[in-house]
Amino acid sequence: MALLIVNEERHDKSLTLEFSGRVDESSALPSLTQCESLVELVLDLKNLTSMNSMGIKAWVLWIKQVPKHLRIIYRRCPAFLVSQMKVFLGFLPPGARIESFYVPYFCPACKAITAIPYDNTPQTALEDSITCPKCQQAAEIDIIKSDFLP
Ligand SMILES: [Zn+2]
Numbered sequence: 007m008a009l010l011i012v013n014e015e016r017h018d019k020s021l022t023l024e025f026s027g028r029v030d031e032s033s034a035l036p037s038l039t040q041c042e043s044l045v046e047l048v049l050d051l052k053n054l055t056s057m058n059s060m061g062i063k064a065w066v067l068w069i070k071q072v073p074k075h076l077r078i079i080y081r082r083c084p085a086f087l088v089s090q091m092k093v094f095l096g097f098l099p100p101g102a103r104i105e106s107f108y109v110p111y112f113c114p115a116c117k118a119i120t121a122i123p124y125d126n127t128p129q130t131a132l133e134d135s136i137t138c139p140k141c142q143q144a145a146e147i148d149i150i151k152s153d154f155l156p
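Numbering follows the numbering used here, in which position 149 of the sequence shown is assigned residue number 155; successive positions increment by one, without gaps.
Pasting the structure below:
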């Protein structure tokens, strides 16, 4: 089912848009009117489940319409977007930043994928492996680190 739900929360000069569900060609991305008094736009993607190529196209066009005076912050980017980091090129207009993200870890023993949250800071170091929460074996990082953190 193609369904996207966007919750808006406004705190003073910051607007947070919380996305749930999937983004595709039929998704209604929120209109960005009445942004004059805002300084910050936070895009919380924790509950985004998928985005197809048409959805990515729509998203890139949408993000281009964000008024230039707004600081764009991507919060809690899901693992599926992190693992296709290259799509982020169009995602990140100049000045936008990824504040936090999830990194997928794959467990060869039980095939479980575990998403671990990280803050995006200069000090952030991604673990190469974690203990699988399902079977306690070692789960390996499932992205190419150098593609992500320089
Ligand atoms: Zn496991």
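Built from N, CA and C at the ideal position, the CB exists for glycine as well.
Original post:
Taking the DSSP output, what are the residues bridged to Val109?
Top reply: Ile122
Original post:
With a CB to CB cut of under 8 Å and the five nearest residues on each side skipped, what residues in its chain are close to Pro36?
Top reply: Val12, Glu14 and Leu23
Subject >> Simplified DSSP state of Ser152, which is helix, strand or coil >> reply: helix
**OP:** Please name the residue, chosen from Ile150, Lys151, Ser152 and Ser135, that lies closest to Ala144 on a Cα-to-Cα basis.
**Re:** Ser135
**OP:** Note down the Cα distance separating Ile62 from Glu105, rounded to an integer number of angstroms.
**Re:** 20 Å
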